[in-house]
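Data block below; observations after.
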Amino acid sequence: MEDLFTETFLTALVAGGVLAAMPLLFAGLGEMVSEQAGVLNVGLEGMMLAGAYGAFVIAIETGSTWLGLAAGMAIGALVSLVMVLLCVRMKLDQIVIGIGIVLVAEGITSLLFDAKYAASRPRLPAAPEWAVPGFSEIPVLGESIFTQHPIVYIGVGLVIAVHYLLRRTSAGLSLRAAGEKPAALDAAGVNVDRTRTWATIGAGLGAGLGGAYLSVIAAGTFTPFMTQGQGFIAIVIAMLARGTAPWTIVGALLFGMSLSVATALQLVGIQISTDYVQMLPFIAVIVVLVLFARRSYLPSALALPYHRGER
Amino acid sequence: MEQRTDHPLVELRGITKAFPGVVANDRIDLDVYAGEVHALLGENGAGKSTLISILAGMYRPDAGEITIDGRAQEIGSPRAAIGLGIGTVYQHLTLVPTLSVLENLMLGIDARGGRLDLAKAHARFDELAEVLGVTFSPDATVGRLALGQRQQVEIMKALWRESRVLVLDEPTSMLTPQDYDDLRLYLERLKADGLAVILITHKLHEAIEMGDRVSILRSGRKVGSLEPGDVHGRSEDELRGTIVEMMFGDATPDVESAVEVSGAEASAGGRRSPVANGGPPALAVRDVELQGEPQEVGLRGVTLELPAGQVTGIAGVDGNGQRELAEVMAGQRRPDRGSVFLGDDDVTRLGVAERYQRGVRYVTDDRIGEGTVASFDVAMNAVLKRVGEPPFWKRGRVNRRAIERYAQELIEDYDVRPPDVNARIATLSGGNIQKLVLARELSLSPKVVVFNKPTYGLDVRTAEFVRDKITELADGGAAALLISTEIEELIALCDRIAVMSRGAITGVVDNDGGAEERVGELMVSR
Amino acid sequence: MRAHAGRAGEAIVAVLIPALLALIATGLLLVILGRDPIQFYSDMLERGLLEWPGFQESVIRMSPLLLIAAGLIIAFRAGLWNLGADGQFLLGAAFAAGLAPSFVGALGSTLTLVVVMAIATVVGALWTVVPAVLRAWYGVNEIITTLMMSFIGIAVANVLVKGPFRTDVGGVARTDTLPLDDRLPLLGDTQINAGIIIAVVAIVAVHLVMTRTSVGFRLRMLGENPRAADHAGLHTKRVIVLTFMASGGLIALGGAVEILGIWGSFRADFNPAFGLIVIPLVFLARLNAIASGFLVAAFAVIQIGGESAARKSDVSSDILLALVGLILLFMAVTEWVRARRSARPLYLSPGLAETIGASPAATDESRPAQPSVGTG
């Protein structure tokens, strides 16, 4: 057991954890904003996948990591517009549409990848990392946390920005009211649908960026269905964060580490079947939900379309 | 002091608004002056709420003009209404319970969504807090405030942005008598400040007491109005007569049931009922305690007996545990402590179905959300609480014909329209749905029936019908519990009235002379 | 009578239009990729329906899909989102594949089949207990829990197949192969196994239970108005758990049938991922069991034919995922158009429109009780 806590293992665990956590963080953060406003994006998995593919294509074609990430965000936002049109504007059921989005995204990304890249199966070069001067010398944390692609640090910055948005701005106030009691927001003269539109696009941006990170930085390539349920884990992270942005970091790291622990264990010579390890994040979710069942706090108007006149 | 100028601040001319199946507003004219309270009086469904929603920018009128301060205006959205200085306080409170008072007040102010100016907000809060005599902190969570306090927040919100017109939609329906007096007080102060106030109510005495000018609506039309001179000049009795005349024209139904009438008249009533004989009460709850959901008050040590052949009333402001009590009696909820007895039998452990079979029935106040299943037809709704029972089901298989026959009987006895057992119940009007629910609960020898606000939202005729059924029920020997927010209704129907406050019964009053005052007293006492 | 025919006609149109639109949209996708949609679709029809071997395959494919549909309908009608079908399916398959070969010696073919199918059903039912209890007692959103259990279930199935159920024969990890004679018997001299009979019986049974029994009535009440169900004295928690278990059981049975009728063994990482795919079909059928039977049949043709057509046109067969997803989206939009006329969404029971914590307030009482269509 003592071998377990060697520097090698811990570094690998944390580094791998951060790598695995970033997609969850971006998607979870975006989804949290959306859920605060009352929109549940079951289709997040599809948005991530679309972002992953789009980012991959652009990164391959242009050779730029940053352009790839940007493209992923854009595509995620584009897919979220489907939610905006069908659920926020047309008031269709959010869960049904979400399932549809997942299916369509899975189908199309697999289709396109197969048509274009199946033969060549290109890989992207490793994304450049940036070492934070000074901090990157710290044992374990230095290599794992403070030596990462800059998008990671941007991610942390995003969390702070979202937190500020929700707590200290009028826009954030409107978002929170839209998810809790949209009738009150409407009476206050704010357009509920427009508020929810922006929130949903936020989720799309986050998911797209998360997927982009997955393909461009973490994996270096695209594989059909590569998100493997992470979109759904991100939804859980969003729910558990309960409207306080910094919690998404905790959630993302927790689940990220459970995803990466297999590789870390292998490094110290402990072989565990990937199947057991694959189960870990999902079991972690169930355990968390069981523990926090009573305290789960969700906005009262979540997943309920708003009709003016129904009070 | 000069209380009005020569022209009205707000003028409505020919306002018309129709919805599928009903004309809510039919060519209505209205003049609202600054420094005055203009009361809009009418019973449920008269069109008051629609009119106000138009002023508040929620709906656009199909026809008609709105003039504010001499200029014609189109009020296209709630935001536009607020911009024009119209602040509205709705009947169903529209505050976000999880946000703080200050956050609720700041909601929607900054159109660009930028940084919140907390300092300025605090300052404005302090200003308004003084006028309204507010005692809570701006950082208090709205969900934790009492109803009267929440209403104060609502009014602050309406006045937040330099409003000139304040619209109050049925402001007193949830208030204690103390809150009511407070309201009158700060309405006077607001008037003195030059505000124009529109007050919507279905309570005649309120319109007279608080209004300087009264307009009466009936079935979408304005059928009469009283100028300040008329209102201040005459006695309350005279006014009452005139107004009732205007509201009901030729057919003057029993004044009690038509519109809320204040004081003296109603209390000379109460039921005359057979003196309670010996033996256990039909239903009794003993020392019942219930934790309740987060937003509920729950029950704290409630003991109440329902004697057979009598109507027992529960008075009290809504939300003080009445619903929880009803559900405990019906078996819909298990108390944490205490017991429920049906005659001599302890039925605490029995659920709804078992109690139903033994004659305990519950007419819920939420006929659409809880009492019926909207997408099922009338026939299936009639047997909603008898799933699996013969003759409607034989060994698990449905016997459609028996169900339809039974439903047909109910429809005929209770005059449910349209009389079609196959109609989806959602297509029936509220009144007819209530009649069906009533028919269902009162059929097959009920012994104890709990009525939760059974006449709420019903038209006059149907409400009368329901009240008659309650009386009939008790005359027939069953026990009835009537939960109501209308004291007058309780006085008219009950033998005794219990008052509930914060999950406990603060007292029980026999319905003889002067009961209303004693009930009111109990409602106010802590 | 007239009204009935009118409504039936309307229903058929409501089913055909989204399907048609989805087919057109998918055709467009093919065009974008430079393939010929007409060729694709005619290949699909030919292989799936018109050729005898292909037709048989379509019927064979129907069995697991029908059982999954039956399981989903039960849950959805009760207002419960069972999104864990894949996990339930694979666990049923794993147990069937792992146990059958060992039982045959002692019990003989027929008894083995019955016993193993029963075990698979129980396993599937048990796999839903955790989400069911969390939902029934704590109101935990079952969308997430069933999804999580699904992923866990898939992994567990693999662990079993690579572990205790693994065959001694070397090579790729899989279970012992069940000899052909011990599998589900074939019908006549076709290739179609008896699984189709089981599946059809299940669908019809679900329909009858839903529409004609007190059990079905209670279930529908729960789905249409959970509050009214409480009010009427329904033992809600019990109904939720039992419904979930029935749902999981049927789906797991589908997995067993897949193994016992077709493959005879479970190879590691086997996962046809039928779980999500069937969802649009049952919704298109408006959760009517008989209707979904027909739609599943049509889809089986599309899937079998489509797999072959995809190969011929050199596209990934995952294009069918897009097709099915589009069906769901178009169906939702079609319903919206219909609902604008009758002011009520028709495909979704209100209980499914997950009211997490809140319930919609009653509308103005004095007006006819119709929900207002959003005015803006």
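As you go down the protein sequences, you meet chains S, L and V in turn. What the first sequence shows, in this note's numbering, is residues 292 to 602, in sequence order. What the second sequence shows, in this note's numbering, is residues 4 to 529, in sequence order. What the third sequence shows, in this note's numbering, is residues 31 to 406, in sequence order. Cβ coordinates follow ideal geometry from the N, Cα and C atoms, glycine included.
Exercise. Which whole-angstrom value is the C-beta distance of Gly285/V and Phe119/V, which I expect to be below 8 Å?
Worked result: 4 Å
Exercise. Can you name the residues of chain V whose CB is closer than 7 Å to the CB of Glu373/L?
Worked result: Neighbours of Glu373/L on chain V, chain order: Arg257, Ala258 and His261.
For this session: For Gly295/L, decide whether its Cβ has a neighbour in chain S, counting only Cβ atoms nearer than 9 Å.
Result: no
Exercise. Taking all protein chains shown into account, do 16 or more other C-beta atoms lie within 10 angstroms of the C-beta of Leu80/V, making it buried, or fewer, making it exposed?
Worked result: Label assigned to Leu80/V: exposed.
For this session: Inspect the CB distances between the region 342-349 of chain V and the region 322-332 of chain V and report whether three or more fall short of 8 Å.
Result: Because the criterion of three Cβ pairs below 8 Å is not met, the region 342-349 of chain V and the region 322-332 of chain V do not touch.
Exercise. According to DSSP, is His265/V helix, strand or coil?
Worked result: coil
Exercise. Taking Cβ positions only, does Ser132/V come closer than 9 Å to chain S?
Worked result: no
Exercise. Counting pairs of beta carbons, one from the region 188-195 of chain L and one from the region 89-109 of chain L, are three or more of them closer than 8 Å?
Worked result: Short answer: they don't touch.
For this session: Measure the alpha-carbon distance for Asp384/S versus Ser244/V and round it to whole angstroms.
Result: 29 Å
Problem set entry | Neighbourhood of Asn402/L by C-beta, 7 Å cutoff - its chain only, sequence neighbours within 5 removed | Pro394, Phe395 and Trp396
Problem set entry | Boundaries of the beta strand (DSSP E) in which Val507/S is found, first to last residue | Annotation: Val507/S is outside any beta strand (DSSP E) and is labelled neither H nor E by DSSP.
Exercise. Between Val159/V and Ala306/S, what straight-line distance do the alpha-carbon atoms span, to the nearest angstrom?
Worked result: 36 Å
Problem set entry | Closer than 9 Å to chain L by CB, Thr273/V | no
Problem set entry | Contact list for the region 306-326 of chain S against chain L, Cβ threshold 9 Å | Hits within the stretch: zero.
For this session: Determine contact between the region 545-559 of chain S and the region 333-348 of chain S, defined as no fewer than three beta-carbon pairs at a distance below 8 Å.
Result: no
Problem set entry | Three-pair Cβ contact test at 8 Å for the region 50-58 of chain V versus the region 283-301 of chain V | No, because fewer than three Cβ pairs between the region 50-58 of chain V and the region 283-301 of chain V fall closer than 8 Å, the two stretches do not touch.
Problem set entry | Proximity winner among Leu544/S, Ala498/S, His598/S and Met339/S, relative to Phe516/S (alpha-carbon distances) | Residue Met339/S holds the alpha-carbon nearest to the alpha-carbon of Phe516/S among Leu544/S, Ala498/S, His598/S and Met339/S.
Exercise. Using CA coordinates, which residue listed in Thr509/L, Glu520/L, Val92/L and Val35/L is at the minimum distance from Gly304/L?
Worked result: Thr509/L
For this session: Please classify Ala328/S: does DSSP put it in a helix, a strand, or coil?
Result: Coil, per DSSP.
Problem set entry | Candidates Ile62/V, Leu190/V, Ile233/V and Ser72/V: closest to Ala123/V by CA position | Of the listed residues, the one whose Cα sits closest to Ala123/V is Leu190/V.
For this session: Would you mind sorting Gly273/L into buried or exposed? The rule is 16 or more other CB atoms within 10 Å of its CB.
Result: Caution is warranted here: a pLDDT of 49 is assigned to Gly273/L, below 50, making its placement in the model unreliable, and the coordinate value is therefore given only provisionally. Buried, by the Cβ-count rule.
Problem set entry | Coarse secondary structure for Lys472/L, derived from DSSP in three states | helix
Exercise. Taking 9 Å as the CB-CB limit, is Met383/L close to chain V?
Worked result: yes
For this session: State buried or exposed for Tyr417/L, treating a residue as buried only when at least 16 other CB atoms are found within 10 Å of its CB.
Result: buried
For this session: For Glu384/V, decide whether its Cβ has a neighbour in chain S, counting only Cβ atoms nearer than 9 Å.
Result: With a pLDDT of 40 at Glu384/V, under the threshold of 50, the modelled position of that residue is not reliable, and the figure given next carries that caveat. Glu384/V counts as touching chain S.
Exercise. How many Å lie between Val35/L and Arg443/L at the Cα?
Worked result: Rounded to whole angstroms, the gap between the alpha carbons of Val35/L and Arg443/L is 47 Å.
For this session: Output, in sequence order along the chain, the residues in the region 234-256 of chain V whose CB is closer than 7 Å to any CB in chain L.
Result: Hits within the stretch, in order: Arg242, Thr243, Ser244, Val245, Phe247, Arg248, Met251, Glu254 and Asn255.
Problem set entry | Residue ranges of each alpha helix (DSSP H) within the region 165-253 of chain V, 4 or longer | 172-192 and 225-242
For this session: Indicate the three-state DSSP secondary structure (helix, strand or coil) for Val43/V in the structure shown.
Result: The DSSP-derived three-state label of Val43/V is helix.
Problem set entry | Against chain V: residues of the region 377-406 of chain L by CB proximity under 8 Å | Listed by position along the chain: Ala377, Ser378, Phe379, Met383, Leu387, Lys388, Val390, Gly391, Trp396, Gly399, Arg400 and Val401.
Exercise. Is the Cβ of Gly355/V closer than 9 Å to any Cβ of chain S?
Worked result: yes
Exercise. Going straight from the alpha carbon of Arg400/L to that of Arg242/V, what length do you get?
Worked result: 6 Å
Exercise. With a CB to CB cut of under 6 Å and the five nearest residues on each side skipped, what residues in its chain are close to Gly337/S?
Worked result: Ile392, Val393 and Ala396
For this session: Under 7 Å between beta-carbons, which chain S residues line up against Val440/L? List them in chain order, please.
Result: Correct list: empty, because the minimum Cβ distance to chain S is about 21 Å.
Problem set entry | Residue span of the alpha helix (DSSP H) that contains Arg91/V, given as start and end | Element bounds for Arg91/V: Trp82 to Arg107.
Problem set entry | Simplified DSSP assignment, three categories, for Phe300/S | helix
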